[in-house]
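**Q** Sending over a structure as structure tokens; questions will come in a sec.
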Amino acid sequence: MSDVPREESRPMQPAGESEKAEARRANEPGQPEARGPGGSGPAPHLTETRVRAVAPWVRTRLRAAPGASAGLALLVFVTALLAAALPRVVDAYETEGLRHGVRTAPAHVSQVEVTVPLEQGATISPETLRENQEQLRGLIPPPLLTDPGQTVHGIRTMALIPGLDPWLPRPSNVAPEFVLASPSGLADHSTLLQGRMPAGSTVRPEAAVTARTAEVLKIKPGSVVHVPGITPEPVAVTVTGIVEPRGPERPYWAVEPLLRTPVLATKPDPTQIIYFWQAALLVSPQAGSALTSTTGSPEVYWRFPPVSGHLTARDAGPLAASVDSLSGGPALARIHELAGPTGRLATGLGTVLGTHGATGAAIAPVVAVAVFGVGAVGAVVVAMTGGLLLSRRDSELTLLRARGASLPGIGLRLLGETSAVAVPAAVLGLVAAVALVRGPDTPGAPALTGSAPLLPSVLGAALVALVTALVLPVRAVLRHRAPRLHAAREDLVDARPSRRRTVVELTLLVLAAGAIASLRLRGTADAGDHLVSAAPVFVGVIAALVLVRLQPLPLRVLARRARRMRGVVAPLAIARAGRSPAGGVLPLLALVLSLTTAAFGGSVLAGVTEARERASLLVTGADARVEAPRSGLPAGLTEAVRGTKGVREAQSVQIEYGVALPSPLSAAPPMSAPLVAVDPAAYAGLARRTDNGGFPAKLLASTGRGGREAALDTSRVLPAIASPAVAARLGDQPQRIDSDAGGFRVRVVAVRDSTPGVRGENFLVVNAADITLRRPTAVLVSGKVDGPALRKAVASKSRDAEVTLSAETRAAYVDSPLQSGAERLYAAAIGAGAAYAVVAVLLSLTRSGPERATLLSRLRTMGLTRRQGRRLLALEALPPAVFAALGGALAGWATVPLLAPGVDLRRLALAAAEGGAALTGTPLRADPWSLVLPAVAVVLLTGVAAGVQAWWTGRRSSVKELRAGDAR
């Protein structure tokens, strides 16, 4: 490297001409002879080195320290890999979330359906419907695409039509009701079991029925079903075949389940419940116009189920715009031009996309907190690496500055060194990220890069390379702004912060306070508010800066106390800890940020788990639930459940839904609520354990008059626990309840927001011993239940009872890739932050390694044993680690309550799952394990690393460390 500025500006010459010119100058009279250090001999190649290009300097420096270059390259590679993989991972789980939302939405919600009412007696051919279908498909704007294989068109009756034949089954003596539909492609979506596929014509319509419909309604091939027509003569539909649906879960059948499965419906009646059947007749498309002769209000329909395999995360906005255009925009206007002014378009895809967008908007800022945390830790570690390289070359750079080297010359050559390492490593990290994280398969996506966008990954890797390449030159230029004769001592205890540093710290304090206040007031609703997402990072930075200022105080106290201690190891270790460089703020900052991120992230994941546990208990009421609301529990089922493996407690309850509630006000509107009859002691214990409307058992003390004998006792009043709305309805005075459990009066003695027996908001809980008619309908099970064994035990006693497990309900809350992907990213961010913390500890010990080795060698010449030397180096590293652990734990603990009011984890935990609405909020709470374990791990890791360093240093010879003239 040149140390004379005017020589640096000399124009470059070919190597041969440069050597000849230098030789001529050396032989010219009056030219002094170039000599080596101290004038001891000639230095014939000095001038040649001055004019050589930058590349040889870079190559020489990299060869001089291959270990440091390899370590820097590895750090850049890993950091660039993480930075390039992050946008691809986010795009992957957002893409999967969008596809999952469209794919799993109910078929009747996600489909695009166009309908046109038909006038009575109108005719329309199947060919015309097919042509209109393709024309309508062309009017649907991209990126919304539909599935041609599941698209269906035809004519159907909007109103149910009664079957007039007396041979049809008639529960409660009520005729069955039919839907007549002529769906296209029936032969392609069903298997013919008996008879033949329907054909017929408008005059003689033919139809098919599914096997289940034929079984329930006693229909056979050749049966004729008569339905009312617009004329006195009924319309006769001949059933020619029985079919079995193919893929009944596919949209072709799932949109209208009645087409494949009959339903036993009910009608309200003052005296009894009236049952009747509802079913469908699948009329031939050739006879579809015959439906206009019935009284069923016929209409033409076209159904277009959407497909999601081509969608990516970037299509969410355009897809929502397409749906808006169909709902009330240009696309709808074009459809009206084709279908006519009476045409209607219906789709619930906008609701699906709205739910997806709301979930993504709620999850993104919470995930951004983890990303900012690990990004800050990574940046600090990269800065520490530059500081380590600078400390190793500080004497060299000081000497060059003393000999006249310019700051631009030093900075550019150092930039060339770091760029030669950082740029190739960042490129390799980018390539690895693209190869490892491809994203979901998308038709037409490049085979090498996948469907995820490449530009964000390139920018992330480029940013890592830029920061790494600049950190060493910038720090070197700032440190050597003026030539220095020697390096001044920078003890931590004696250091005095400069005014510039004080201004920077106050600025960060103001930013942190603003970010925290913004998050508490506005929450995380704004996904683009990066200042809010960086609030935990600001808290960690402030904590680290405060710790750096406070750390000398306890060290001074410990140093004074250590003077009175016997032995030399502990006092010397404390004194050495106080003489650590004042620039040690970076290791402390890296550890504090890592611990803060781990504490906040662990609290987020723990809060998500707690929310899912809570929601699953609100849905099931216990660890498991066995319910048979219609038939009631058969004898012996409760005992069978109690004998199942893992069951700790099983209590039977009686639940009657839809009990009419009286009111003291005569003009009050009708209201009903479930009536729950329980064993007070067992039920109160379950409510207390699950934190679900707990109450003292004595509130439901028995009146001593239950059973059939007390049916005529009108004076008894049963104590009851009610929901707020039910309590307001019944008032303070006893009110009479008439139900299947008997007639009695109740008085509300306590009000609770929820109860284990039912999932709804309204309920009324009474003592089962006081009701007239006992018929348990459910069993609430506690314990670590074996699901298959429980279902087997229940199936042996009843075919109608339904088993619901809390664990299965909880698992259903994470079926969305948006949730699971965000959780995995959060866990990965915490792991990456922990890995960077390990690197920070190792870098800190490596930076002080040579100085420690020299100290140990000198002390060993004074009689210090190997064992004492190892203890000395290990104890010396512990005080900073303990301060970092305590500061990180305190910062993490303070971050959670500071930011908790602005963070709601309900969307991340539950999305739109059942039971989520019952949770008005999912507050963030500090997780003790996330606070304690990382802090303890940092202390243990530092102690182990320092011990290993001390052991390795003790094995080396002291001669090399104590060379004559060495100024270290």
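Numbering (our numbering), first residue to last: 95 to 1062. Ideal Cβ placement from N, Cα and C applies to all residues, glycine included.
Please list, in chain order, all residues of the same chain as P630 whose beta carbon is under 8 Å from its beta carbon, the five residues on each side excluded.
**A** V463, F466, G467, T690, T691, F694, T989, L993, listed in sequence order.
**Q** Which residue comes first and which comes last in the beta strand (DSSP E) that contains G752?
**A** Its beta strand (DSSP E) spans residues 741-754.
**Q** Would you tell me roughly how many angstroms separate the C-alpha atoms of W151 and R507, rounded to the nearest one?
**A** About 8 Å.
**Q** Would the region 293-300 and the region 336-348 be scored as touching if the rule is three or more Cβ pairs under 8 Å?
**A** These segments do not touch.
**Q** By alpha-carbon positions, which one of V183, P236, L223, F977 ends up nearest to P648?
**A** Measuring from the Cα of P648, the nearest candidate turns out to be F977.
**Q** Give, in chain order, every unbroken run of the alpha helix (DSSP H) that is at least 4 residues long and sits entirely within the region 857-907.
**A** Runs of the alpha helix (DSSP H) inside the region 857-907: 881-889, 900-905.
**Q** Starting from P160, trace the alpha helix (DSSP H) in both directions and tell me its first and last residue.
**A** Element bounds for P160: 160-198.
**Q** Are at least three pairs of beta-carbons, each pair with one atom in the region 511-526 and one in the region 548-561, less than 8 Å apart?
**A** Touching, yes, given that three or more Cβ pairs across the two stretches are closer than 8 Å.
**Q** Output the distance between the C-alpha atoms of D834 and T355, rounded to the nearest integer angstrom.
**A** Each residue's alpha carbon lies about 31 Å from the other.
**Q** In whole angstroms, what separates the C-alpha of R708 from that of Q962?
**A** Cα to Cα, the separation comes out at about 55 Å.
**Q** If you draw a straight line from the C-alpha of E213 to the C-alpha of A433, how long is it?
**A** Using only the alpha carbons, I get a separation of about 14 Å.
**Q** Name the residue from G444, G422, I504, K886 whose alpha carbon lies nearest to the alpha carbon of V203.
**A** Nearest C-alpha to V203: G444.
**Q** Within 10 angstroms of the Cβ of N861, are there 16 or more other Cβ atoms? Answer buried if so, exposed if not.
**A** It is buried - the Cβ of N861 has at least 16 other Cβ atoms within 10 Å.
**Q** Within the same chain, show all residues whose beta-carbon is closer than 6 Å to that of G124, passing over the 5 residues directly before and after it, in chain order.
**A** Model confidence at G124 stands at a pLDDT of 41, short of 50, so the residue's coordinates are unreliable; what they give is reported in the following sentence. No residues qualify anywhere along the chain.
**Q** Look up K361 in the DSSP assignment and give the residues it is bridged to.
**A** For K361, which the question treats as bridged, DSSP gives the partners I368.
**Q** Helix, strand or coil: which one does DSSP assign to I218?
**A** Coil, per DSSP.
**Q** Would DSSP call E704 helix, strand or coil?
**A** Here E704 sits in helix by DSSP.
**Q** What do you reckon, are the CB atoms on T1064 and G390 nearer than 7 Å?
**A** This structure does not reach residue 1064, given that the chain is present from 95 up to 1062, and the question cannot be answered.
**Q** Closest by CA to F857, which one among V842, P459, R964, P974?
**A** Nearest option by C-alpha distance: V842.
**Q** For G161, which residues of its own chain have a beta-carbon under 6 Å away from its beta-carbon, when the five flanking residues on both sides are left out?
**A** For G161, where only same-chain residues beyond five positions count, there are no Cβ hits under 6 Å.
**Q** Measuring alpha carbon to alpha carbon, tell me which residue in V702, A637, L712, M659 is nearest L680.
**A** Checked all of V702, A637, L712, M659; the closest Cα to L680 is A637.
**Q** Applying the criterion that 16 or more other CB atoms from any shown protein chain within 10 Å of the CB defines a buried residue, is S796 buried or exposed?
**A** S796 should be labelled exposed.
**Q** Can you list, in chain order, the residues of its chain with a C-beta nearer than 6 Å to that of A559? Leave out the 5 residues immediately preceding and following it.
**A** Around A559: A516, V517, A520.
**Q** Write down the C-beta distance between L352 and V273 rounded to the nearest angstrom, noting that I regard them as a contact closer than 8 Å.
**A** Indeed, because the Cβ distance is near 6 Å, the residues count as touching under 8 Å.
**Q** Quick one: residues in its chain with C-beta nearer than 7 Å to the C-beta of R428, no 5 flanking neighbours on either side, listed in chain order?
**A** Correct list, in chain order: L233.
**Q** Name the two residues that bound the continuous beta strand (DSSP E) containing R830.
**A** Per DSSP, R830 belongs to the beta strand (DSSP E) from 829-833.
**Q** Quick check on the DSSP output: what are the complete alpha helix (DSSP H) runs of length 4 or more inside the region 283-313, in order along the chain?
**A** Whole alpha helix (DSSP H) segments, 4+ residues: 305-311.
**Q** According to DSSP, simplified to helix, strand and coil, what is G825?
**A** DSSP places G825 in coil when its eight states are reduced to three.
**Q** Check each candidate in R532, G510, T849, L549 and name the one with the smallest Cα separation from L567.
**A** Reading the sequence as shown, one finds Pro at residue 567 and not Leu. Minimum Cα distance to P567 is reached at G510.
**Q** Need the endpoints of the beta strand (DSSP E) that S204 sits in, please.
**A** From DSSP, S204 is part of no beta strand (DSSP E) but of the alpha helix (DSSP H) over 201-204.
**Q** Am I right that L966 and L652 are in contact with their C-beta atoms under 8 Å? What's the rounded C-beta distance?
**A** In fact, because the Cβ distance is near 15 Å, the residues do not count as touching under 8 Å.
**Q** According to DSSP, is I255 helix, strand or coil?
**A** Of the three classes helix, strand and coil, the one that applies to I255 here is strand, per DSSP.
**Q** Measure the CB-CB distance between A1029 and A983 and report whether it falls below 7 Å.
**A** Going by C-beta atoms, A1029 is nearer than 7 Å to A983.
**Q** Assuming A1003 contacts R706 under a Cβ cut-off of 8 Å, what Cβ separation, rounded to an integer in Å, is found between them?
**A** Sure, about 5 Å apart at Cβ, within 8 Å.
**Q** Should V333 and L919 be called a contact, given that it needs their Cβ atoms to be closer than 7 Å?
**A** No.
**Q** So does the region 867-880 actually touch the region 810-817, counting three or more Cβ pairs closer than 8 Å?
**A** Contact between the region 867-880 and the region 810-817 is absent, because fewer than three Cβ pairs lie under 8 Å.
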